[in-house]
Amino acid sequence: MKPARVLVVEDEPAIAELLAVNLKHQGWLPVLAPDGEAAQRAMAEALPDLILLDWMLPGHSGLVWARRWRAEARTASIPILMLTARGDEVDKVAGLDAGADDYITKPFSPQELLARIRAVMRRRAPSAAADSVAVGELSLDGATHRVRWKGETLKLGPTEFKLLSYLMHHPERVHSRASLLDRVWGDQVFIEERTVDVHVKRLRESLGEAGAMIETVRGVGYRFAALG
Ligand code: CA
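First residue of the sequence shown? That's 1 in this note's numbering, and the numbers climb one at a time after it.
If you want it as C-alpha cells, here you go:
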C-alpha cells in the first residue's frame, strides 16, 4: 500500500518541520508548501490524501484556499484539517463553512494532531456511509437502508437516509448547512443551503418522536444528539 500523502501548508518552518517528522513517523508522506500558491503547484503534480492547512498564511489566508479547493472538482473531496491559533467559536464555524473537515488549535500535541488526522481520514472513507450505527433507540442499517426507532421500521427518502446516516455517524457536534451540503450532497455544488433545511424538516417528520434528536443551532446549523 502506498503511504498516504499529506500536504502541509504552513509558513513557519519550525512547525512545518515538526509536522513532517510526526507524519513520517506514522508512515505518511508529508509534502511541504509554505503558502497556498506552492500548495496549488504541489497538487498540480499529485493530489494529496489530506491537507493540513494553516489559517494564517502569507498572501491569501487558509480560509480562502479551503474555499477555493472545495469549489474545484479536482480537489473538492480531499479532507482539510485547519490549523489555527484562533480558538473562538466564530472562527471555528468560519473554518468549517469554508469547507474544512475539522480544525485544531495551536499549540497542539503531536498525538492530538495525529488522532485528528486519523479521524478525518476515517470520516472521509467511502465505506463509512455503508456502516450501521445506533444512537439510543434509533438504529440505521447501512446495508439494508433500514431505519428503526424502538423496533419500528421508519420510511425515509434516499436523501433523508444519507443525511441521517451522516448525522448519526457524527453526533454531538454542530454542522453548518454548508458543511452538510458538502458531506451529504457531495459535489452537487448548485444546491442552495436552504435545501438542507427542507430535507432536515422532512427527516424530522419521517422520524416522528425521534426527530427531536436533530437540534437546530440558531444561526449556525444542526446537531444530532441522543435524547436526554
Ligand atoms: Ca502561519
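No residue lacks a Cβ here, since even glycine has one placed at the ideal position from N, Cα and C.
Supposed close pair residue i, residue j - CB separation, criterion 8 Å
{"i": "LEU29", "j": "ALA66", "result": "Rounded, the Cβ-Cβ distance is 21 Å, inconsistent with contact."}
{"i": "ALA100", "j": "ILE80", "result": "5 Å"}
{"i": "VAL200", "j": "ILE214", "result": "6 Å"}
{"i": "ALA76", "j": "ARG68", "result": "ALA76 to ARG68, Cβ: 10 Å. No contact."}
Residue i in three-state terms, based on DSSP
{"i": "HIS170", "result": "coil"}
{"i": "SER61", "result": "coil"}
{"i": "LEU83", "result": "strand"}
{"i": "PRO256", "result": "With the chain represented from 1 up to 228, any question about residue 256 goes unanswered, as that position is not in the structure."}
{"i": "GLU152", "result": "strand"}
{"i": "VAL9", "result": "strand"}
Host alpha helix (DSSP H) of residue i (start-end)
{"i": "GLU37", "result": "36-45"}
{"i": "LEU227", "result": "Per DSSP, LEU227 belongs to no alpha helix (DSSP H) and is neither H nor E."}
{"i": "ALA210", "result": "Where ALA210 is concerned, there is no enclosing alpha helix (DSSP H), given that its DSSP letter is neither H nor E."}
Residue range of the unbroken beta strand (DSSP E) whose run includes residue i
{"i": "VAL21", "result": "That residue, VAL21, is in no beta strand (DSSP E); its alpha helix (DSSP H) goes 13-25."}
Own chain, CB closer than 6 Å to residue i, minus 5 neighbours either side, in chain order
{"i": "ASP131", "result": "GLY142"}
{"i": "LEU19", "result": "VAL8"}
Alpha-carbon to alpha-carbon, residue j and residue i
{"i": "ARG41", "j": "PHE224", "result": "39 Å"}
{"i": "VAL8", "j": "ASP35", "result": "9 Å"}
{"i": "LEU53", "j": "ILE78", "result": "12 Å"}
{"i": "GLU193", "j": "GLU172", "result": "21 Å"}
{"i": "ALA115", "j": "LEU164", "result": "25 Å"}
Residues of its chain near residue i, where Cβ-Cβ distance is below 7 Å and the 5 sequence neighbours each way are ignored
{"i": "GLU137", "result": "TRP149, LYS150"}
{"i": "ARG204", "result": "GLY211, ILE214"}
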